[in-house]
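Chains as they are written, first to last, in the working numbering: chain A, 75 to 298; chain B, 75 to 298. First the structure, in the form of structure tokens, and then the observations on it.
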DNA sequence: TCAAAAGTGTTCAGGATACACCCATGC
DNA sequence: GCATGGGTGTATCCTGAACACTTTTGA
């Protein structure tokens, strides 16, 4: 089936890496070093070569361009594959996008392309259609809050329910009722109460919780 | 960024084409003409060459291998992109899968690879991991029944509520309550009552309905 | 004693579920 | 007149939404 004349399209991989900073959802961007869009902010991305999987390519790209390893990310999930406009004489390109969720991600001394986390709520105009890709990833993340334990990947091992609520609020973009939020999250059976308290500030200490699982768990669906 | 030495992975496109036959959900399969898995049933798929989009490749592959045009399909949706095991010396391959939904799809005189629709409930062992891909597509379709009008792509222009219910039941794999089903579907505001009746058989004629839209519509979400 | 965040229950409305009988037709 | 599928309504349960005050601590 494979002719000798078969020439594959260019394949690229792009990553939408989220983490919480200062109670805001932020996304990792780099400054493009070359045309097209030289100097513009963009998602970290690059070519996928023969002999490496898309995950391997993602890891390599994040490492080289931003000093981030996928091992620092609690969740990595494929988003969508775009047919991109040709960027070279080979014709159409295919772009596979991933979403990654982390916490305390360090950008180890890679300032060549100035990797930085930007608040998702106030993004500059990005290269290509990267703004749309981020919106898509954000929607996916919003939806997953409702029926998975994804939030674990964005929080420290132990956290207070108020911290957890602030993550939900930042991602959903709406304030939530404290009592209803606690009732619901506790009823999902994804959290584990610890015996520890966080005592910070001049107020009553807060109970610390952990997630029962540190990997993505999908809760039961609901249609008939 | 693009070295002259860049060699992309092999890119393939596979289609999971569903239609209703005899009140059952069925999927289009072909018999593989070459190794690997020569003689085994498989999803129609093939190489994506430079210069064509994945949609174009899908259309070409379906046309050549099964005599099906994507224009016969009411819905075409990308499913997932798999890193496949290398099938040739180029190394890893990337496989982009699509789901297509049709009705009355004709396989125009292409019996070279014996294209046929098989009941999803009773599939043979397929080549590669195609059984898993079909399960994935089936899950996606189930989920979409709940919050979109996808079913339009599987039904004739006019249909009875009983026909519609039978599509839902076949896909979900459970019987549904007639009164509750009608109440719910009618409340979604995706159907349009016609003035026509279907009079077949020795019983009361049934009201015919159409879908208000003949393109995919997503209903409102529900999280906070 | 004051400020600041933690923690906690009840009421209400709307949607989902369960359930059984009469209707219109062809033969 | 009978067999066949078409068509309809109500009572109940459960989930989601709204809503305000007391508790514990540090300063």
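Built from N, CA and C at the ideal position, the CB exists for glycine as well. Bear in mind that the values here come from a model prediction, so they are computed numbers and not experimental data.
Among the CB atoms of chain A, none fall inside 9 Å of the CB of residue 186(B).
Shown here, residue 79(B) sits in coil according to DSSP, grouped into three states, outside any helix or strand. The C-alpha of residue 191(A) lies about 19 Å from the C-alpha of residue 87(A). With a cutoff of 9 Å on beta-carbon distance, residue 166(B) and residue 83(B) are scored as near each other. Within the same chain, 286 come within 8 Å of residue 263(A) by CB-CB distance, once the 5 residues on both sides are set aside.
Nearest to residue 288(B) by alpha-carbon distance, out of 226(B), 237(B) and 222(B), is 226(B). The DSSP-derived three-state label of residue 243(A) is helix. In the structure shown, residue 233(B) adopts extended strand secondary structure according to DSSP, grouped into three states.
Residue 284(A) places its beta carbon less than 9 Å from that of residue 265(A). Taking CB atoms only, residue 266(B) has no neighbour in chain A less than 9 Å away.
Burial state of residue 150(B) is buried, judged by a 10 Å Cβ sphere holding 16 or more other Cβ atoms. Sixteen is the threshold: when 16 or more other Cβ atoms of the shown chains lie within 10 Å of the Cβ of residue 128(A), as they do, the residue is buried. Scanning 203(A), 271(A) and 222(A) for the CA closest to the CA of residue 90(A) turns up 203(A). Exposure of residue 260(A) is indicated by the presence of fewer than 16 other C-beta atoms within 10 angstroms of its C-beta.
Partner residues in the beta bridge of residue 120(B), as assigned by DSSP, are 87(B). Between the alpha carbons of residue 186(A) and residue 106(A) lies a gap of roughly 10 Å.
Under a criterion of Cβ atoms nearer than 8 Å, no residue of chain A is adjacent to residue 150(B); the nearest Cβ is some 13 Å distant. Proximity to residue 253(B) across 135(B), 239(B), 231(B) and 119(B) peaks at 239(B), based on C-alpha coordinates.
In this chain, the beta strand (DSSP E) harbouring residue 281(B) covers 280–285. In the DSSP annotation of this structure, residue 221(A) is not part of any beta strand (DSSP E); the continuous alpha helix (DSSP H) holding it starts and ends at 204–221.
Closer than 9 Å to the CB of residue 133(A) there is not a single CB belonging to chain B. With a threshold of 9 Å between beta carbons, residue 195(B) makes no contact with chain A.
Considering only 169(B), 103(B), 120(B) and 178(B), the residue with the shortest C-alpha distance to residue 228(B) is 178(B). Note that the C-beta distance between residue 224(B) and residue 101(B) is not below 9 Å. Going by DSSP, residue 192(B) is part of the beta strand (DSSP E) stretching over 190–193. Residue 170(B) reaches chain A at 155 and 168, counting residues in chain order whose Cβ is nearer than 8 Å. Between the beta-carbon of residue 152(A) and that of residue 172(A) there is about 6 Å, and that keeps the pair under the 8 Å contact cut. Nearest to residue 180(B) by alpha-carbon distance, out of 290(B), 242(B) and 136(B), is 136(B). Here residue 105(A) is bridged, per DSSP, to 115(A). Within the stretch 76–91 of chain B, the residues whose Cβ lies closer than 8 Å to any Cβ of chain A are, in chain order, 76, 80, 81, 82, 83, 84 and 85. Taking 9 Å as the cut-off, the Cβ atoms of residue 294(A) and residue 170(A) do not count as close.
The closest CA to that of residue 208(B), considering only 245(B), 274(B), 79(B) and 140(B), is found on 245(B).
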